[in-house]
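Just below is one structure, and these are the notes that go with it.
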Amino acid sequence: MTLQRIKRPHLRALRVSALAALWVFLGSIHAVQADDNRALVQAVQQFLYAETQGLADEVVIEVIQPNAQFGHCVQPQPFFPNPAQRSVGRVSVGVRCGGQGQQVRYMQAQITLMGHYVVAAQNILPGTLLTLDMLTMDYGELPRNGGDTILEKEQLLGKLVRRSLRQGQVFQSHMVQSAPVIRRGDRVSVTVQGSGFEISREGEAMDEGGVGDTIRVRLSQREIVSGQVKAEARVIIQP
1 MTLQRIKRPH LRALRVSALA ALWVFLGSIH AVQADDNRAL VQAVQQFLYA ETQGLADEVV
61 IEVIQPNAQF GHCVQPQPFF PNPAQRSVGR VSVGVRCGGQ GQQVRYMQAQ ITLMGHYVVA
121 AQNILPGTLL TLDMLTMDYG ELPRNGGDTI LEKEQLLGKL VRRSLRQGQV FQSHMVQSAP
181 VIRRGDRVSV TVQGSGFEIS REGEAMDEGG VGDTIRVRLS QREIVSGQVK AEARVIIQP
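See below:
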C-alpha cells in the first residue's frame, strides 16, 4: 500500500489559505454591518437636521454610533419616541424599518445649538428700563432652553429688568417685563376688531400692563372683558 504524505510546508500553506479565506469572509460581513449602521446614522442625521432648521445660526449634530450591529434597515423612517421632547441636548430617536414599520430601532444623538444672543453690557439693577447701550451681542452655544434666550436687542428695548443682572449674563425672556403703559384704574379705549368691522367702547383698566400684555377691562358693572394692550390707553380684542 502506498501512503502519500503531505509535507509540512504544504500543510502550513493550506492552513494559511483557510485562515485568509475566513478573514475575508468575516471582513465582508463586518463591512456589510458597518454599511448598515452608517445608513441608519445618515438617516437619523438628516431627520434631526430637518427638525432643527431655524432654531439657531448653526446646529451641531452628533449621532452616537450603536454598540450593536442592527442589520439592514429597509426604508428607514426616523421619529421622536416622545413628540414633546426638545430638539436640543441628548435626544432619543426611533427608526422604523420596512414598508409597514415592522421593526423599530432606537438611537441616541447630541444636538448643540450655536448662535448669536444678547448679553448684559454692564451690571443692571432690578427695575431698570433697558436701553441700547446696556446690551451687547455674543456668540456661542445656546442654553438648553434656547427658546427663552433673547436673540435680538430690539426685543429688549423699553423692557424692565425683573432682577439684578451681571455683566455678560445671557438675557432670557423671564428676566424682563413690559414697561406698563396702562395702570389699574386708568380710563382706556377698548376696540373689538373683526372681519370688516371695528367697535370701540370705553372702560376702566382692572390690571396694569405693558404693550403686548393681556389685561382685564370693566365696561360696566356686569361686563368685564380681556384684551391685549396695544398702546397707552388702548386695548384691542380680536375674536
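Under the UniProt record's numbering, read the sequence shown as residues 1 to 239, first letter to last.
All residues carry an ideal CB built from backbone N, CA and C; glycine is no exception.
**Study point:** Below-7 Å beta-carbon distance, Pro81 vs any chain B residue
**Key:** Judged by its chain identifiers, the structure shown contains no chain B, having just a single protein chain.
**Study point:** Val41 (DSSP reduced to helix, strand or coil)
**Key:** Against the sequence shown, residue 41 aligns to sequence position 41. Looking at Val41 - three-state DSSP - the assignment turns out to be helix.
Exercise for review: Starting from the N-terminal side, write out each stretch of the beta strand (DSSP E) that is 3 residues or longer and does not extend beyond the segment 155-198.
Suggested key: 159-161, 176-178, 180-182, 187-194
Check your understanding: Any idea what DSSP makes of Glu221, helix, strand or coil?
Key -> Here residue 221 refers to the residue found at position 221 of the sequence shown. Position check: residue 221 holds Gln in this sequence, whereas Glu was assumed. Here Gln221 sits in coil by DSSP.
Check your understanding: By DSSP, does Met107 sit in helix, in strand, or in coil?
Key -> Against the sequence shown, residue 107 aligns to sequence position 107. If DSSP states are grouped into helix, strand and coil, Met107 belongs with the strands.
Exercise for review: Give the secondary structure of Leu151 by DSSP, where H, G and I count as helix, E and B as strand, and everything else as coil.
Suggested key: Position 151 of the sequence shown, counted from the start, is the residue given in the question as residue 151. Coil, per DSSP.
**Study point:** Spatial neighbours of Ser226 in its chain, beta-carbon cut-off 8 Å, leaving aside the 5 residues before and after
**Key:** Position 226 of the sequence shown, counted from the start, is the residue given in the question as residue 226. So the list reads Thr214, Ile215, Arg216, Val217, Ile237, once near-sequence residues are dropped.
Check your understanding: Within this structure, are the beta carbons of Leu135 and Val161 separated by less than 7 Å?
Key -> One-based indexing of the sequence shown puts residue 135 at position 135. One-based indexing of the sequence shown puts residue 161 at position 161. Not in contact: Leu135 and Val161 (Cβ atoms no closer than 7 Å).
Practice item. Indicate whether Arg90 and Gln110 have their beta-carbon atoms separated by less than 7 Å. Key: Here residue 90 refers to the residue found at position 90 of the sequence shown. Here residue 110 refers to the residue found at position 110 of the sequence shown. Result yes, Cβ atoms of Arg90 and Gln110 sit closer than 7 Å.
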